[in-house]
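So the structure is just underneath, and the comments pick up after that.
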């Protein structure tokens, strides 16, 4: 149980294009999902908290207009990197928090998406 | 700001040995959860163990156990009978602020199990 998928797992795009990453909770409902960015050999950096049916809450320093987040259902959140540039190249990880029941404080993570912007 | 500190950037032990990873955190909360996550080379974050702060009994999951010292705000992870598959980055995490759903992660400890 508590499986989270992410798609795509790896994407290469040209500078200036937009890329959408999907995060799905497969066997549970998640009122809250989180988006992280991880640079090589570093810890996870929280970008934003995504709540179903409402606007995402972004961390300080994260550009809202560049990283668009949509949490349209209890099982799906999407992150769109708009007008991507080489400095946006990174590993993006999502997590989902169980909506109710045991383990409601636990985040379960997707496998991550490696974004390379040429 | 809440902080989580892992003071050991890297550790290396022989297979079958026991290893302890340290973690200290800073929170003003009285009731919260603490977590250890593992990130193997595949980069998939995997929940290793979870501790409820109001429980005095230390959590245990098979070969993994914690030493939770609430007053000292210490939350160490002990891996017994270590296996090659335990090689990974290990991250300690605690809640960011009261009532917040987000977590603060430590810098991580790179653990290598040698054959």
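Protein chains in written order, with our numbering: chain S, 1 to 118; chain G, 119 to 233. Backbone N, C-alpha and C fix where the C-beta goes; we use that ideal spot for every residue, glycine too. Remember, predicted model here, so these are calculated numbers, not experimental data.
**Report entry** Distance, residue 4(S) Cα to residue 83(S) Cα
**Finding:** 27 Å
Query raised in the report: Exposed or buried, which one is residue 202(G) when buried takes at least 16 other CB atoms within 10 Å?
Result: exposed
Query raised in the report: residue 12(S) versus chain G: which residues are under 8 Å apart at the beta carbon?
Result: Ordered by position in chain G, no residue passes the 8 Å Cβ test against residue 12(S), which lies about 17 Å from the chain.
Query raised in the report: residue 8(S) by DSSP, collapsed to three states: which one?
Result: coil
Query raised in the report: chain G partners of residue 119(S), CB-CB under 9 Å?
Result: Residue 119(S) lies beyond the residue range present for chain S, which begins at 1 and ends at 118; the question has no answer from this structure.
Query raised in the report: Among 200(G), 219(G), 222(G), 195(G), which residue has its Cα nearest to the Cα of residue 141(G)?
Result: 195(G)
Report task. Mind the definition here: the stretch 22 to 30 of chain S touches the stretch 186 to 194 of chain G only if three or more C-beta pairs lie below 8 Å; say whether that holds. Result -> no
Requested in this report: Check whether the Cβ of residue 70(S) lies closer than 7 Å to any heavy atom of the ligand PLP, and answer yes or no.
Outcome: Because no ligand of any kind appears in the structure shown, any question about the ligand PLP cannot be addressed here.
Query raised in the report: In three-state terms, what does DSSP make of residue 86(S)?
Result: helix
Report task. For residue 164(G), count neighbouring Cβ atoms within 10 angstroms of its own Cβ and tell me buried if that reaches 16, exposed if not. Result -> exposed
Query raised in the report: How big is the Cα-Cα spacing for residue 173(G) and residue 148(G)?
Result: 11 Å
Report task. Could you tell me if residue 134(G) is buried or exposed, where buried requires 16 or more neighbouring beta carbons within 10 angstroms of its beta carbon? Result -> exposed
**Report entry** CB contact below 8 Å: residue 60(S) versus chain G
**Finding:** no
Requested in this report: Please report how far the alpha carbon of residue 58(S) lies from the alpha carbon of residue 49(S), in whole angstroms.
Outcome: 6 Å
Requested in this report: Let me know the secondary structure DSSP gives residue 202(G) once reduced to three states.
Outcome: helix
Query raised in the report: Under three-state DSSP, which class holds residue 23(S)?
Result: strand
Requested in this report: Using a Cβ-Cβ cut-off of 8 Å, state whether residue 221(G) counts as contacting chain S.
Outcome: yes
Query - Straight-line Cα distance separating residue 65(S) from residue 19(S) - result: 13 Å
Report task. Could you check which residue in 1(S), 2(S), 54(S), 10(S) has the C-alpha nearest to that of residue 90(S)? Result -> 10(S)
**Report entry** Proximal chain S residues relative to residue 201(G), where beta-carbon distance stays under 9 Å
**Finding:** In chain order: nothing, as chain S lies at least about 22 Å away.
Query raised in the report: When the Cα atoms are used, what is the spatial distance from residue 109(S) to residue 96(S)?
Result: 6 Å
Report task. Could you please give the first and the last residue of the uninterrupted beta strand (DSSP E) stretch that includes residue 109(S)? Result -> 107 to 109
Query raised in the report: From residue 46(S) to residue 205(G), what does the alpha carbon distance come to, in whole angstroms?
Result: 25 Å
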